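2 protein chains.
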Amino acid sequence: MTEVADMPHDGGTRTPDRLRRLASRLLSGVTAQSDRLITEGLAQVDARKWHYAVLASLQEHGPGSQATLSRRTGIYRSDMVGVLNELAERELVERAPDPDDRRRNVITITAQGRRHLRRLDKVLDDLHDELLAPLTPAERDQFVLLLTRVLDHHARQAPHPPTS
Amino acid sequence: MTEVADMPHDGGTRTPDRLRRLASRLLSGVTAQSDRLITEGLAQVDARKWHYAVLASLQEHGPGSQATLSRRTGIYRSDMVGVLNELAERELVERAPDPDDRRRNVITITAQGRRHLRRLDKVLDDLHDELLAPLTPAERDQFVLLLTRVLDHHARQAPHPPTS
DNA sequence: TTACATCGTTCGTGCGACTAACGCAAGCCG
DNA sequence: CGGCTTGCGTTAGTCGCACGAACGATGTAA
């Protein structure tokens with residue numbers, strides 16, 4: 001099963017396997033692994049990625065309408081409905097009509113929600129340890145820093161309305 | 001660790017916005033941007049991500065069966081069928097039955113395919129410049145290096161059979 | 001031969017990102 | 001006041017991608 005035919009024959013720079021160096025492909029791959037890991041890990045405590053995003057946002061920025069949460073977490077407001085249903089089912093948040101603006105619901109985190117959030121924090125911490133296992137602490141910081149820079153640069157006007 | 005209602009109130013480290021520091025979330029975000037960029041850019045030359053993956057693999061490692069290509073590129077063999085259909089339609093590859101093993105098809109890149117691949121290389125180069133715009137050349141290398149390390153660490157036994 | 005593995009292919013599932021459109025309520029602005 | 005525009009929550013639906021199941025045809029090993 002010899003495969004020679006063309007041979008790499010690079011044009012000067014000794015660069016094999018262009019595929020493996022492509023940042024876009026690496027990103028896809030790593031994100032795929034990351035998503036699998038996180039999703040599976042969270043499933044074991046009956047949670048999903050969005051649950052954490054919403055709960056964390058509520059804890060750090062206080063209660064808000066669904067649209068506000070949508071902007072804060074990056075979840076589309078169409079999908080936010082379902083997420084909040086799940087969270088409300090589990091009594092981790094409360095969804096109450098806003099008396100000041102009857103279009104809105106005010107979402108508040110419950111005591112149980114805060115407890116659950118702390119649990120999720122631990123779980124996610126462990127999962128990230130596993131995800132970034134091959135990196136030293138310094139490299140992890142660098143990694144996060146680089147990702148942040150790239151993301152911020154492109155997040156200027158990409159998804160929905162120029163989020164707050 | 002007591003809890004003070006809502007208020008940020010971090011437990012010691014001045015760490016705001018846990019969401020923004022989560023590697024998994026950053027990865028998702030950056031990959032989303034990356035995918036958008038690449039997909040749109042390639043669409044303008046009537047190509048998709050996989051086209052490049054397959055063509056590059058063919059050029060660098062020579063012809064191979066669909067299953068081989070599947071392993072080399074990470075595309076599922078169920079999806080490979082469609083990709084090769086598209087590539088064959090455009091006459092960028094040739095799909096011929098393997099006389100030595102009548103189960104297989106031997107996929108070969110055509111001259112036109114090689115030409116197209118060079119075009120895609122240029123396009124992708126520009127797109128990556130845009131994607132990694134906020135990073136210095138040294139940082140880009142670091143970025144690729146870190147991603148590679150993480151990916152390799154997890155790619156050991158994750159997707160389909162322990163790929164060659 | 002029988003048993004098993006591999007290949008190409010078709011079909012189907014589940015999920016995440018995203019749009020469209022609705023009914024409703026608020027906020028202008030004349 | 002009445003009309004327009006905007007934002008809200010919700011429902012439904014599209015699209016693409018990762019992945020699994022199964023099948024017929026073929027190859028390989030017992």
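Protein chains in written order, with the UniProt record's numbering: chain A, 1 to 164; chain B, 1 to 164.
Think of the CB as a built atom: it goes at the ideal place given N, C-alpha and C, for glycine as much as any other residue.
Note that this is a predicted model, so its numbers are computed, not measured.
- Three or more beta-carbon pairs drawn from the stretch 107-122 of chain A and the stretch 55-65 of chain A are found closer than 8 Å, and the two stretches are therefore classed as touching.
- Just measuring C-alpha positions, the residue of A:A88, A:V54, A:Q59, A:A96 sitting nearest Y76 (chain A) is A:V54.
- DSSP lists B:T108 as the bridge partner or partners of E94 (chain B).
- Below 8 Å, too few C-beta pairs join the stretch 79-86 of chain A and the stretch 110-117 of chain A to call them touching: fewer than three.
- K49 (chain B) is classed as buried because its beta carbon has at least 16 other beta carbons within 10 Å across all chains shown.
- Under DSSP, G64 (chain B) shares a beta bridge with B:I107.
- Contact annotation: in the stretch 43-61 of chain A, residues whose CB is within less than 7 Å of a CB in chain B are A53, A56, S57, Q59, E60.
- E60 (chain B) and L22 (chain A) have their C-alpha atoms some 15 Å from each other.
- For the stretch 86-101 of chain B, there are no residues whose beta carbon sits under 8 Å from a beta carbon of chain A.
- Contact between the stretch 23-33 of chain A and the stretch 21-36 of chain B is established, with three or more Cβ pairs separated by less than 8 Å.
- Check the Cα spacing between E91 (chain A) and each of A:D79, A:E139, A:H51: the tightest is with A:H51.
- As the crow flies, the alpha-carbon of V123 (chain B) is around 34 Å from that of R72 (chain A).
- With respect to the 7 Å criterion, I38 (chain A) and L127 (chain A) are classified as neighbours on the basis of their beta carbons.
- With contacts defined as CB atoms closer than 7 Å, L120 (chain B) and A47 (chain B) qualify as a contacting pair.
- Residue burial is scored here from C-beta neighbours: G41 (chain B) has at least 16 other C-beta atoms within 10 angstroms and is therefore classed as buried.
- Annotation: L151 (chain A) to L26 (chain B) spans about 7 Å, alpha carbon to alpha carbon.
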